[in-house]
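Participant: 280 is the number that UniProt numbering gives to position 280 of the sequence shown; each next residue is one higher, with no gaps. In this text, a Cβ means the ideal position worked out from N, Cα and C, and glycines have one as well.
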Amino acid sequence: MKISELGEHFFRSDGQDKNSESDLGLGDKVARKPGTRLIQNDGSFNVVRRGNSIFAPYQNLVEMSWPRFIGVTLSMYVLCNLIFALGFYLIGTEQLNGASVGQSELENFLQCFYFSIQTFTTVGYGVLAPTTLESNALAAVLALFGWVALALVTGLFFARFSRPSRLVIFSDRAIVAPYGEGMRSLQFRLANKRDTNLINLRARVVLTWLEVGNGELRRRFHPLELERDFVPLFPLNWTIVHPITEDSPLAGWTPEDYRDRHSELMVAIEGYDRTFAQQVSIHTSYTHQEMEWDVRFAPMYQEREATTELYLDRISETLPIRKEE
């Protein structure tokens with residue numbers, strides 16, 4: 001389940017102190033099993049609905065991957081024509097004008113199958129044609145079914161092409177790197193992977209971890225103060241930095257603390273896509289297993305002649321920190 005609706009909780013402005021605890025509407029008793037993450041890397045919410053879940057074929061067909069969508073479409077195309085071909089076969093191949101007589105059963109069925117395809121797609125080469133009431137009636141139903149199927153598939157293709165896809169890529173890991181005079185910072189970066197006009201990006205990062213309270217394991221949430229949480233333009237990469245100051249909930253944390261508290265960094269990005277004229281909301285998260293210490297991000301763009309080249313394959317590339325740094 002995609003969690004675009006969760007963006008409201010990430011970006012709401014209710015006057016609370018940014019360092020105050022906030023559960024984002026999730027509650028402190030959710031995902032208390034160690035190793036359970038709240039948000040998957042692809043931005044989906046780690047929830048499986050049981051019981052009276054709504055059957056939503058349109059939503060599933062629009063949101064599934066392109067290979068799976070093409071596979072489902074072709075499978076339904078072949079299946080429908082097989083069913084109608086069976087109908088023509090049971091009526092009798094001799095009721096199709098132009099069909100070869102006296103062939104094997106498989107060849108007779110294949111003639112019915114190809115005639116079904118021609119009727120379904122309204123191609124009609126003029127070689128095969130129904131001649132009886134039964135075959136004409138079945139052909140009329142098949143032609144109507146083909147029109148409806150074509151309209152549905154066309155609408156699905158349009159909906160998929162007009163729907164903004166995931167435009168932003170994130171680094172595989174968040175890093176803890178030196179910051180300023182003797183301080184550290186938590187960092188990750190993102191970049192626009194397409195030549196789309198993504199503008200007015202706003203970021204919010206929330207730290208969640210498990211701790212024992214009142215004799216039971218509870219999940220805590222705390223928004224992190226960012227060095228910069230808004231960029232009006234997004235032509236290159238954006239490194240999001242949380243300075244670990246004395247007021248940070250991460251102050252004094254060691255790699256073992258991240259691990260023992262089963263921490264997770266929940267990230268929400270909102271922006272406006274000028275290509276589709278739509279507001280987009282993108283989510284991801286980093287668990288304690290996806291954090292790296294004492295490294296810095298390698299540069300991922302350079303100037304060349306009269307332009308700037310951005311190397312997206314370097315989004316997760318890091319360099320070790322030298323001692324003098």
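Return the CA-CA distance between E270 and E305, expressed in angstroms with no decimal places.
Facilitator: 33 Å
Participant: So P320 and V280 are supposed to be a Cβ contact under 8 Å. How far apart are they, rounded?
Facilitator: Not confirmed; about 35 Å, so no contact.
Participant: Can you tell me where the beta strand (DSSP E) holding P235 begins and where it ends?
Facilitator: No beta strand (DSSP E) contains P235, which DSSP labels as neither H nor E.
Participant: Out of A151, S171, E94, state which residue places its alpha-carbon closest to the alpha-carbon of residue 326.
Facilitator: The question about residue 326 has no answer here: the residues shown for the chain are numbered 1 through 325.
Participant: Would P67 be called buried (16 or more neighbouring beta carbons within 10 Å of its own) or exposed?
Facilitator: exposed
Participant: Buried or exposed for Y125, going by 16 or more other Cβ atoms inside 10 Å?
Facilitator: With fewer than 16 Cβ atoms within 10 Å of its Cβ, Y125 is classed as exposed.
Participant: What would DSSP say about F276, mapped onto helix, strand or coil?
Facilitator: Secondary structure at F276: coil, using DSSP grouped into helix, strand and coil.
Participant: Report the residue ranges of all beta strand (DSSP E) runs contained in full by the region 261 to 314; include only those spanning at least 3 residues, in chain order.
Facilitator: 264 to 273, 278 to 287, 291 to 293, 295 to 297, 301 to 304, 307 to 310
Participant: Give, in chain order, every unbroken run of the beta strand (DSSP E) that is at least 3 residues long and sits entirely within the region 131 to 193.
Facilitator: Listed in chain order, they are 168 to 170, 174 to 179, 183 to 192.
Participant: Report the CB separation of L190 from V205 in whole angstroms; it is logged as a contact under 8 Å.
Facilitator: Between V205 and L190 the Cβ distance is about 12 Å, and since that is not below 8 Å, they are no contact.
Participant: Less than 7 Å between C-beta atoms, sequence neighbours within five positions excluded: which residues of the same chain meet that for L142?
Facilitator: F84, S116, T119, F120
Participant: Could you check what DSSP says for T122 in three-state terms: helix, strand or coil?
Facilitator: coil
Participant: DSSP on V231, reduced to helix/strand/coil?
Facilitator: In the structure shown, V231 sits in a strand (DSSP, three-state: E or B).
Participant: From which residue to which residue does the alpha helix (DSSP H) around P57 run?
Facilitator: 57 to 63
Participant: Skipping 5 residues on each side, what residues in its chain have a beta carbon closer than 8 Å to that of G180?
Facilitator: So the qualifying residues of the chain are P243.
Participant: Mapping the DSSP letters down to three states, classify L250 as helix, strand or coil.
Facilitator: coil
Participant: Hey, does Y272 have any beta-carbon neighbour from chain C nearer than 9 Å?
Facilitator: The question asks about chain C, but that chain is absent: this structure has only one protein chain.
Participant: By the three-class DSSP mapping on this structure, what secondary structure does E105 have?
Facilitator: helix
Participant: Relative to the alpha-carbon of S316, which residue among M300, Y77, T307, P232 has its alpha-carbon at the smallest distance?
Facilitator: M300
Participant: Going by the DSSP bridge assignment, what does A203 pair with across the sheet?
Facilitator: I269
Participant: Does the Cβ-Cβ distance between M266 and H288 come in under 9 Å?
Facilitator: no
Participant: Check T245 in the structure and name its three-state DSSP category.
Facilitator: coil
Participant: Taking the beta carbon of R322 as the centre, do at least 16 other beta carbons fall within 10 Å, making it buried, or is it exposed?
Facilitator: exposed
Participant: Between R261 and the rest of its own chain, which residues show a CB-CB distance below 7 Å, the 5 nearest in sequence each way excluded?
Facilitator: Closer than 7 Å at Cβ, skipping near neighbours: W209, L210, E211.
Participant: So, is Q278 buried or exposed, given that buried needs 16 or more other C-beta atoms within 10 angstroms?
Facilitator: exposed
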